[in-house]
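Take a look at the structure set out below.
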Amino acid sequence: MAKTPVIGIDLGTSFSCVAVFQHGKVKIIENEHGNKTTASYVAFTDTERLVGDTAKNQVAMNPTNTLFHVKRLI
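Residue 70 in numbering that gives the first Met the number 0 is what sits at position 71 of the sequence shown, and the numbering runs on without skipping anything.
Here you go:
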């Protein structure tokens, strides 16, 4: 059994999640809001990078710099 933790990413079209396998167990990592899934959105402003619901909530104001449904491009 590997002693180094293993990270797994489930990249979904609408939502994504991250888990770690360590000490024989899988733990899904919660986001900053305590949710086990995060909206698959990323946005860039002049001063910051936004992810998840924060990026999704401002897509109408910043459509040029907001990415979503990128799984379809991969």
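Ideal Cβ positions, reconstructed from N, Cα and C, are used throughout, including at glycine.
It should be emphasised that the depicted structure is a prediction, and the values quoted were computed from it without experimental measurement.
Boundaries of the alpha helix (DSSP H) harbouring Lys55: 52-56, taken from the DSSP string.
With fewer than 16 other Cβ atoms inside 10 Å of its own Cβ, Ser13 counts as exposed. Nearest neighbour of Thr46 by Cα position, chosen from Ala18, Thr37, Asn64, Lys24, turns out to be Asn64. Excluding sequence positions up to five before and after Gly51, its CB lies within less than 7 Å of the CB of Asn30, Thr37, Ala38, Tyr40, all in the same chain and listed in chain order.
Per DSSP, Ala18 is one residue of the beta strand (DSSP E) stretching across 14-21. By a beta-carbon distance limit of 8 Å, Thr44 contacts Asn61. Their separation comes to about 7 Å.
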